[in-house]
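**Q**
Number of protein chains: 2
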Amino acid sequence: MDKPYVIGIDVGGTNTVIGIVDKRGQILRSGSIKTAVHAEVNDYLDDLSKLINEIVAETTTKDQIKGIGVGAPNGNYFSGSIEFAPNLRWKGIIPFARLLEEKVGIPVALTNDANAAAIGEMTYGAARGMKDFIVITLGTGVGSGIVVNGQLVYGHDGFAGELGHVIMRRNNGRLCGCGRTGCLETYASATGVARTAREYLELRPDMPSQLRSIPAETITSKDVFDAAMTGDEMAKEIFRFTGKILGEAFADFVAFSSPEAIILFGGLAKAGDLIMKPVQETMESNLLAIFKNKVKLLFSELKESDAAVLGASALGWEVK
Amino acid sequence: MDKPYVIGIDVGGTNTVIGIVDKRGQILRSGSIKTAVHAEVNDYLDDLSKLINEIVAETTTKDQIKGIGVGAPNGNYFSGSIEFAPNLRWKGIIPFARLLEEKVGIPVALTNDANAAAIGEMTYGAARGMKDFIVITLGTGVGSGIVVNGQLVYGHDGFAGELGHVIMRRNNGRLCGCGRTGCLETYASATGVARTAREYLELRPDMPSQLRSIPAETITSKDVFDAAMTGDEMAKEIFRFTGKILGEAFADFVAFSSPEAIILFGGLAKAGDLIMKPVQETMESNLLAIFKNKVKLLFSELKESDAAVLGASALGWEVK
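Protein sequences, first through last, are from chains A and B. For the first sequence, the residue numbers in our numbering are 1 to 320. For the second sequence, the residue numbers in our numbering are 1001 to 1320.
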């Protein structure tokens, strides 16, 4: 009666990717549909259930599936709803888990992308065997999944772990999409790196950089990474600045939950030592003495193309 | 076989207070010894065990005591040790729980003062029935006990919850006893309030205040409180400044663990609305939208003179 498979679903603004996953974290079969073409969530869920039924039929039978785990922007674990997600077309509160469960007849659990990443690292990745760690997702924004005593921290309302929105600069901080200023996300995300690049180009007119050959408004974090890899000093300085703010933030996070490790996940983590070295140096020099030289900084061990589906699938093992 | 009593021990730098407590949080009998007179921890523990034996004999028998809970500065729950406590005479790592348990023959659990306060609020006080909350202790320093999902957050090493040492001012921050600058504790503790008073007196020479009649170096937070209660504008402004920084910090704490409540405990909490109003206003205006109007700000419900012993005693119910 021990069901051997789960299904992971990563709901993105553009695409929705699904996969059938076994206990070792192998994706046996996967597929995807377009998210954004569906103006009505019901049409979307019809297409999604059809895809689920197809890939289940090609691999196994429904009674072998323990559960479906969904990672979605603004996903709330307690309610199973997607609530006011700015990057999705469906507005307001969508009872996603209940609607999908009704259509496919498999129990569904849902959480946000960063929490799914944390469960994924704990189940299949860099946090195996750990009971206290934090996953920081560095993508378009900055998200986080916090694990304390082996359990994900959801808080009393299911919305805990918004570490992209702690305030790192209380004066003259950058305007954030959340409406406030100085949030970590405005500095340490991919878009934050691009903003830093534009600031550097403007404020240091005498510093040479190959970034000057790119129209400022189109610069991406990838451009800065490519320049840094060829030795461009300004590009390297931009990563040092980014890593410094991230390291300052991490020192505060450690004072909160004293994790065994902080794990970097997502696009910017690909910058490797360019970002990790300044994060490590700044975190250590900012830590309270009792925490120094104790906290591991790690990169995600989930294969990037599979990470979102794997993370979501790990939640499938926890459905009741 | 359900043992009806626990013993709570509050180890302070000057005095150690103990009490026998029942399941409703009534202190049946209490006593105290001087902490600081004992240069050797073994002499201290001899005196402490003698006192324990006396008050147990006056009330009940040892087999009716479920456990002893100890709240001590720098107490580590995992190791049962007091580690490098700056305000105690015994240096290094003291295996306090094991030593005491050997002397009295009752199981002993130990944690730091702020964690003991959090367990006390959950067991007998303002957090009864809550699974996610934070206790902030506002005394000579600022401490914290964080509860997530009904469990105290100890972190991987037992030292989680050092929220007095998150950085609130990254430029020109006040020097902290921990060796760093800008820590919350340097602003929001009793000593922080006194520092703020000295700054105001110096930086606003034209502003009248009854605080000017006190020699600046001897001003305490109690002086500022007394002045504010008589309507002194500068004193009220000092509490607004203190509450504002505390409110900014709380908004970040909420982004971490999304607690149902934040509970103020300790000396400064006695300032009541003088501190709570600016905390509430600043926290709400700094919260991420999804957290607004959700987080309760409460005062401790433990009677002040008993709070430390009650908090420690609550840990006695948890011993194995």
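Glycine included, C-beta positions come from ideal geometry on N, C-alpha and C. All values derive from a computational prediction rather than experimental measurement.
At 7 Å on the CB atoms, spell out the chain A contacts of B/Glu-1162, in chain order.
**A** Ala-255 and Leu-288
**Q** Can you tell me the Cα-Cα spacing of A/Glu-202 and A/Phe-225, whole angstroms?
**A** 19 Å
**Q** Closer than 8 Å is the cut-off here; do at least three beta carbon pairs connect the segment 1270-1282 of chain B with the segment 1246-1255 of chain B?
**A** With contact defined as three or more Cβ pairs closer than 8 Å, the segment 1270-1282 of chain B and the segment 1246-1255 of chain B are in contact.
**Q** Along the alpha helix (DSSP H) that carries B/Lys-1023, what are the first and last residues, could you check?
**A** First-last for B/Lys-1023: undefined, no H or E at that position.
**Q** Given a cut-off of 8 Å on the beta-carbon distance, is the pair B/Val-1135 and B/Phe-1265 in contact?
**A** In terms of Cβ geometry, B/Val-1135 and B/Phe-1265 form a close pair [threshold 8 Å].
**Q** Closer than 8 Å between beta carbons: that is the criterion. Which residues of the segment 1137-1153 of chain B meet it against chain A?
**A** For the segment 1137-1153 of chain B, which is checked against every Cβ of chain A, the residues closer than 8 Å are Ile-1146, Val-1148, Asn-1149, Gln-1151 and Val-1153.
**Q** At the level of alpha carbons, what is the spacing between A/Ser-81 and A/Asp-2?
**A** 28 Å
**Q** Quick check: A/Ile-68 and A/Ile-20, are their CB atoms within less than 8 Å of each other?
**A** It is not a contact, given that the beta carbons lie outside the stated cut-off.
**Q** Pull out every residue of the segment 1099-1132 of chain B whose Cβ sits closer than 9 Å to any Cβ of chain A, in chain order.
**A** For the segment 1099-1132 of chain B, which is checked against every Cβ of chain A, the residues closer than 9 Å are Met-1130, Lys-1131 and Asp-1132.
**Q** If you drop the 5 nearest sequence neighbours on each side, which residues of the same chain put their C-beta closer than 6 Å to that of B/Gly-1267?
**A** Gly-1139 and Ala-1190
**Q** Return yes when the Cβ of B/Ala-1289 is within less than 8 Å of the Cβ of B/Ile-1009, no when it is not.
**A** no
**Q** Please classify B/Ser-1213 as buried or exposed, where buried requires at least 16 neighbouring CB atoms within 10 angstroms.
**A** exposed
**Q** Of the residues B/Leu-1045, B/Ser-1030 and B/Gly-1031, which one's Cα is nearest the Cα of B/Val-1037?
**A** B/Leu-1045
**Q** Quick one: using the 10 Å Cβ neighbour count with 16 as the cut-off for buried, is B/Met-1229 buried or exposed?
**A** exposed
**Q** Within 8 Å, do at least three Cβ pairs link the segment 1039-1058 of chain B to the segment 294-303 of chain A?
**A** no
**Q** For A/Asp-232, which residues does DSSP report across the bridge?
**A** Under DSSP, A/Asp-232 forms no beta bridge with any residue.
**Q** Just grab the DSSP bridge partners of B/Ile-1032 for me.
**A** One detail in the question is off: residue 1032 of chain B reads as Ser in this sequence, not Ile. In DSSP, B/Ser-1032 forms a bridge with B/Val-1017.
**Q** Just to confirm my understanding: we take B/Val-1056, look at its own chain, exclude 5 residues before and 5 after, and list those with CB closer than 8 Å. What are they?
**A** Closer than 8 Å at the Cβ level, and outside the excluded window around B/Val-1056, lie Ile-1007, Ile-1020, Lys-1062 and Ile-1065.
**Q** Consult DSSP for A/Ile-146 and reduce its assignment to one of helix, strand or coil.
**A** A/Ile-146: strand per DSSP, three-state reduction.
**Q** Do we get a CB-CB distance below 8 Å when we pair A/Asp-157 with the residues of chain B?
**A** Cβ-Cβ to chain B under 8 Å: yes for A/Asp-157.
**Q** Could you tell me the alpha carbon to alpha carbon distance between B/Arg-1089 and B/Glu-1083, rounded to whole angstroms?
**A** 12 Å
**Q** At a CB-CB cut-off below 9 Å, which residues of chain B make contact with A/Arg-29?
**A** The premise fails here: A/Arg-29 is roughly 35 Å from chain B at the closest Cβ pair, so nothing lies under 9 Å.
**Q** Are there 16 or more other CB atoms within 10 angstroms of the CB of B/Asn-1293, so buried, or fewer, so exposed?
**A** exposed
**Q** List the whole-angstrom C-beta distance separating A/Gly-141 from A/Gly-164, where the pair is believed to meet the contact cut-off of C-beta under 8 Å.
**A** 6 Å
**Q** In angstroms, rounded to a whole number, what distance separates the CA positions of B/Gly-1013 and B/Ala-1308?
**A** Straight-line Cα distance between these residues: approximately 13 Å.
**Q** Going by DSSP, what residue range makes up the alpha helix (DSSP H) through A/Ala-97?
**A** 96-104
**Q** Let's test the definition: count the other Cβ atoms within 10 Å of the Cβ of A/Ala-251 and tell me whether it reaches 16, buried, or not, exposed.
**A** buried
**Q** So, using beta-carbon positions, are B/Phe-1241 and B/Leu-1274 closer together than 8 Å?
**A** no
**Q** In the DSSP assignment, what residue or residues form a beta bridge with B/Thr-1111?
**A** B/Gly-1071
**Q** Smallest Cα separation from A/Leu-184: which of A/Gly-143, A/Ala-216 and A/Leu-211?
**A** A/Gly-143
**Q** Since A/Glu-304 is in the alpha helix (DSSP H), which residue starts that stretch and which ends it?
**A** 304-316
**Q** Kindly indicate which three-state DSSP category A/Ile-333 falls into: helix, strand or coil?
**A** Here chain A has residues from 1 to 320 only, and residue 333 of chain A is not among them.
**Q** Compare the Cα-Cα distances from A/Gly-192 to each of A/Ile-263, A/Gly-177 and A/Asp-206 and report the closest residue.
**A** Looking at the Cα atoms, A/Gly-177 is the closest of the given residues.
**Q** Would you list the residues sitting across from B/Phe-1133 in a DSSP beta bridge?
**A** B/Val-1147 and B/Ala-1261
**Q** Quick one: grab the DSSP three-state call for B/Leu-1184.
**A** coil
**Q** So, with DSSP's three-state summary, where would you put A/Ile-219?
**A** coil
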